[in-house]
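Peer 1: Dropping the structure in here first, questions after.
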Amino acid sequence: MSSSAYQEHAARAAGDPDAYWLEQARRIRWHRAPTRGHEAATQGGQQWFADGELNTAWLALDAQVDAGRGEQTALIHDSPASGRQQRFTYAELTERVARFAGGLRELGLAPGDRVVIYMPMVPEAVIAMLACARLGAIHSVVFGGFAPHELAVRIDDARPKLVLSASCGIEFDRIIEHKPLLDAALDEAVHKPAATVILQREQAEASMHPGRDHDWRAVEASASPVDAVPVPGNHPLYILYTSGTTGKPKGIVRDHGGHAVAMHYSMEVVYGMQPGEVFWAASDVGWVVGHSYIVYAPLIYGCTTVLYEGKPVRTPDAGAFWRVIAEHGVTAMFTAPTAFRAIRKEDPDCALMRSYDLSGLKRLFLAGERLDPATHDWLKEKTGLPVLDHWWQTETGWAIACNPVGLESVEETVGAAGKATPGFQVEILDPDGETCGPGVQGAVCIRQPLPPGCLLGLWRDAERFASSYGAAYPGYYLSGDGGYIDEAGQIFIMGRMDDVINVAGHRLSTGELEEIVASHPAVAECAVFGVADELKGQLPLGLVVLKDGATQSAEEVSTELVARVRAMVGAVACFRRVEVVPRLPKTRSGKILRRTLRALANGENPEVPSTIDDPAILDEIRAAL
Ligand code: COA
Ligand code: AMP
164 MSSSAYQEHA
174 ARAAGDPDAY
184 WLEQARRIRW
194 HRAPTRGHEA
204 ATQGGQQWFA
214 DGELNTAWLA
224 LDAQVDAGRG
234 EQTALIHDSP
244 ASGRQQRFTY
254 AELTERVARF
264 AGGLRELGLA
274 PGDRVVIYMP
284 MVPEAVIAML
294 ACARLGAIHS
304 VVFGGFAPHE
314 LAVRIDDARP
324 KLVLSASCGI
334 EFDRIIEHKP
344 LLDAALDEAV
354 HKPAATVILQ
364 REQAEASMHP
374 GRDHDWRAVE
384 ASASPVDAVP
394 VPGNHPLYIL
404 YTSGTTGKPK
414 GIVRDHGGHA
424 VAMHYSMEVV
434 YGMQPGEVFW
444 AASDVGWVVG
454 HSYIVYAPLI
464 YGCTTVLYEG
474 KPVRTPDAGA
484 FWRVIAEHGV
494 TAMFTAPTAF
504 RAIRKEDPDC
514 ALMRSYDLSG
524 LKRLFLAGER
534 LDPATHDWLK
544 EKTGLPVLDH
554 WWQTETGWAI
564 ACNPVGLESV
574 EETVGAAGKA
584 TPGFQVEILD
594 PDGETCGPGV
604 QGAVCIRQPL
614 PPGCLLGLWR
624 DAERFASSYG
634 AAYPGYYLSG
644 DGGYIDEAGQ
654 IFIMGRMDDV
664 INVAGHRLST
674 GELEEIVASH
684 PAVAECAVFG
694 VADELKGQLP
704 LGLVVLKDGA
714 TQSAEEVSTE
724 LVARVRAMVG
734 AVACFRRVEV
744 VPRLPKTRSG
754 KILRRTLRAL
764 ANGENPEVPS
774 TIDDPAILDE
784 IRAAL
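Heads up: the sequence shown runs through residues 164 to 788, numbered per the numbering used here.
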């Protein structure tokens, strides 16, 4: 394509979004093609293609077999964790999904019912998602690293008919038994699902509750394959919970139609892929990256996808990523910068890369957190390939800013996430809602309507959608990130402006962590915020003030708080540091000065806010850190 193709696409998508996206919608197969573009959705946001009819799982599987891809590998499970590898052709994956969907239907699953999936990175997790989609049921995958309480909160919000899980996951060389965690979550949850289906893995045997828990293999073996159920374009495909600024996660709702169009479009425009090539997103099916780029987009586009059950390091070494790329002929890979920081730490010269043939690899994509220039430059030097940042969120489901390799040849701008992807009209707004000039930082916002593939709204909470994303700047979607756009249109994302932090590419709410810390009987008040970490980007730090007369020592309370967060949220919170301080700095009206605390903890020398009630507190905090 010509170098002006990007401008042409961006201008057409902005000028007449409905016409542009209806044109893109014609590039995928529908049971009934849509004639309507965007309109308001009941979940609070916008929906696309409501009068079209399709089924995403059919599009990702049956339609590929129909198009002659039956014998092509659809899914490669590469699991250094278990020492196994498995491949599924499109025909085989279609058969497995159709059969498992039949089993779920026999358990009473109907269109619109919810299914919570709490699984490790095994092929059955992908099969489960696609089987739900095939029936028009709505899946909600909960990351396997979350503790029972987090799972219970999601079960109570989604109210699933079924829960699908496995006996265990594997973290490096540790077996994490999932079933006891699921049992604890089901005990805590008010909502009681009708049944569970449990995959027994050879590494651990789950004990089953007769009458409630069903054996996965038995369900699949006795079932008959079923056809996909065509659903309206705006029918919910999944709910994916993500951290907001409070303890209650947000249930992001995504649809069949708009999502399928966006996934297909992005494989070409954002990732420059061709059908038949191998795409690898080294993430987890519990995160949005896993939903979009392990499961749906590669299959909808006719690529081979890699499901990797391992880590960048220590499975068995820091050459693991290079091995997977070479062994499976990966064309493009996608992961979070933290994964490459982990590799760089263990193998700074990339000595382990030299034993692998990486000639098939064309480009690397990074997202989930800012791609810091040091990691970018190291990776570029070692691979000699384009190292492309792109910015997106669980809410958008695909890249808001990218280097659109499918539309033009790209020279990456180090430190920037790229330009606005066609369909996203990104603007930087100041507190008065005025557009900031080039290079001026403000709130990164997207002018409505958002393109297809973004959230329809929040599950059963249209009001929260409006207050979280729409109220600050009417007519815009508030991303929650701060940043600026330069003269060339490059978007620089500088970090969250709210209480969300990013730990190893995982999004956490400091508000939620604070709620847990504050509930300890010895804690009078607290502040939890993110501090910079070389490997994981950010790590949470808790500052606590003990109640007068508290009998426990500061050390005892700290240990209990760390254990409490681990038990309530999960190990993935990485909440390991608590400091007991005599007081917290506040405004005269009693608001804790979190931004000042964050700056202090990051070793900066913040200006003393004029609203502070007692500036001497800052010296006390400095001494404690
Ligand atoms: N199930 C159970 N526990 C899990 C888990 C899962 N799926 N994922 C992580 N955990 C646990 C880890 O075992 C660890 O436990 P520990 O405190 O007992 O050691 C804890 O949660 C923290 O995990 P993490 O922050 O991932 O640290 P790590 O040291 O295990 O690994 C990296 C560090 C950099 C290797 C790892 O974070 C990584 O591969 N990141 C890639 C980024 C990524 O996948 N991002 C997703 C969005 S794109
Ligand atoms: P999540 O919803 O978990 O994908 O997290 C989304 C958040 O991660 C964004 O709002 C950003 O704060 C951050 N993020 C994701 N990708 C990038 C990126 N390429 N650059 C900077 N921040 C990013």
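In this text, a Cβ means the ideal position worked out from N, Cα and C, and glycines have one as well.
Would you say the beta carbon of residue 288 is closer than 6 Å to some non-hydrogen atom of ligand 2?
Peer 2: no
Peer 1: Across which residues does DSSP place residue 595 in a beta bridge pair?
Peer 2: Per DSSP, none; premise fails for residue 595.
Peer 1: Smallest Cα separation from residue 213: which of 236, 240, 184 and 229?
Peer 2: Relative to the Cα of residue 213, the nearest Cα in the group 236, 240, 184 and 229 belongs to 184.
Peer 1: Check whether the Cβ atoms of residue 133 and residue 741 lie closer than 7 Å to each other.
Peer 2: A query on residue 133 cannot be resolved here, the shown segment of the chain reaching from 164 to 788 and no further.
Peer 1: Of the residues 389, 452, 519 and 227, which one's Cα is nearest the Cα of residue 499?
Peer 2: Per the Cα distances, 452.
Peer 1: Alpha carbon to alpha carbon, how far is residue 354 from residue 311?
Peer 2: 14 Å
Peer 1: Where does residue 294 land, buried or exposed, given buried means 16+ other C-beta within 10 angstroms?
Peer 2: Burial call: buried.
Peer 1: Residue range of the alpha helix (DSSP H) that residue 755 falls in?
Peer 2: It is not in any alpha helix (DSSP H) - residue 755 carries neither H nor E in the DSSP assignment.
Peer 1: Using alpha carbons as the reference points, say which of 546, 477 and 675 lies closest to residue 495.
Peer 2: For residue 495, the closest alpha carbon among the candidates 546, 477 and 675 is that of 546.
Peer 1: Note the first and the last residue of the continuous beta strand (DSSP E) segment covering residue 325.
Peer 2: 325 to 329
Peer 1: Grouping DSSP H, G and I as helix and E and B as strand, with all else coil, what is residue 178?
Peer 2: helix
Peer 1: Tell me whether the beta-carbon of residue 304 lies closer than 7 Å to the beta-carbon of residue 448.
Peer 2: At a Cβ-Cβ threshold of 7 Å, residue 304 and residue 448 count as neighbours.
Peer 1: Would you kindly work out how many angstroms separate the C-alpha atoms of residue 339 and residue 379, rounded to a whole number?
Peer 2: 19 Å
Peer 1: Closer than 7 Å, CB to CB, is residue 407 near chain B or not?
Peer 2: In the structure shown, chain B cannot be found, because there is only a single protein chain.
Peer 1: May I ask you to report which of helix, strand or coil DSSP gives residue 672?
Peer 2: Looking at residue 672 - three-state DSSP - the assignment turns out to be strand.
Peer 1: Which residue marks the beginning of the alpha helix (DSSP H) containing residue 349, and which one marks its end?
Peer 2: 342 to 351
Peer 1: Can you check which of these residues, 735, 279 and 588, is closest to residue 614 by C-alpha distance?
Peer 2: 588
Peer 1: Mapping DSSP to helix, strand and coil, what is residue 366?
Peer 2: The answer is coil: DSSP assigns residue 366 none of H, G, I, E or B.
Peer 1: Which residues does DSSP list as the beta-bridge partners of residue 496?
Peer 2: 443 and 527
Peer 1: Please list the terminal residues of the continuous beta strand (DSSP E) segment that includes residue 403.
Peer 2: 399 to 405
Peer 1: Drop a sphere of 10 angstroms on the beta-carbon of residue 790, count the other beta-carbons inside from all chains shown, and report buried for 16 or more, exposed for fewer.
Peer 2: As displayed, the chain neither begins before 164 nor continues past 788, which places residue 790 out of reach and without an answer.
Peer 1: With H, G and I counted as helix, E and B as strand and the rest as coil, what does DSSP make of residue 652?
Peer 2: Here residue 652 carries a coil assignment [DSSP, helix/strand/coil].
Peer 1: As a quick exercise: from 650, 247, 251 and 507, pick the residue whose alpha carbon is nearest that of residue 576.
Peer 2: 650
Peer 1: Out of 196, 605, 749 and 597, state which residue places its alpha-carbon closest to the alpha-carbon of residue 779.
Peer 2: Restricting attention to 196, 605, 749 and 597, the CA atom closest to the CA of residue 779 is found in 749.
Peer 1: Does the beta-carbon of residue 248 have 16 or more other beta-carbons within 10 angstroms, so that it is buried, or is it exposed?
Peer 2: exposed
Peer 1: Please state the DSSP three-state secondary structure of residue 775.
Peer 2: strand
Peer 1: Give a single yes or no on whether residue 656 has its beta carbon closer than 6 Å to a heavy atom of ligand 2.
Peer 2: yes
Peer 1: Just the Cα atoms here: how many angstroms apart are residue 439 and residue 747?
Peer 2: 57 Å
Peer 1: What does the Cβ neighbour count give for residue 382, buried or exposed, with the cut at 16 atoms within 10 Å?
Peer 2: A buried status is given to residue 382, since no fewer than 16 other beta-carbon atoms sit within 10 Å of its beta-carbon.
Peer 1: In angstroms with no decimal places, state the Cα-to-Cα distance between residue 256 and residue 220.
Peer 2: 11 Å
Peer 1: Quick one: give me the first and last residue of the alpha helix (DSSP H) that residue 432 is part of.
Peer 2: 420 to 432
Peer 1: Quick one: what's got a C-beta closer than 8 Å to residue 501's C-beta in the same chain, skipping five residues either side?
Peer 2: Closer than 8 Å at Cβ, skipping near neighbours: 531, 532, 667, 668, 698, 699 and 700.
Peer 1: For the pair the stretch 417 to 434 and the stretch 669 to 678, tell me if three or more CB-CB distances fall below 8 Å.
Peer 2: no
Peer 1: Do residue 618 and residue 415 have their CB atoms nearer than 7 Å?
Peer 2: Their beta carbons are under 7 Å apart, which means residue 618 touches residue 415 by this criterion.
Peer 1: I need the straight-line Cα distance from residue 181 to residue 397, nearest angstrom please.
Peer 2: 15 Å
Peer 1: Less than 8 Å between the CB atoms is what I'm expecting for residue 487 and residue 506, so what's the real figure, rounded?
Peer 2: Contact doesn't hold; Cβ gap of about 12 Å is too wide.
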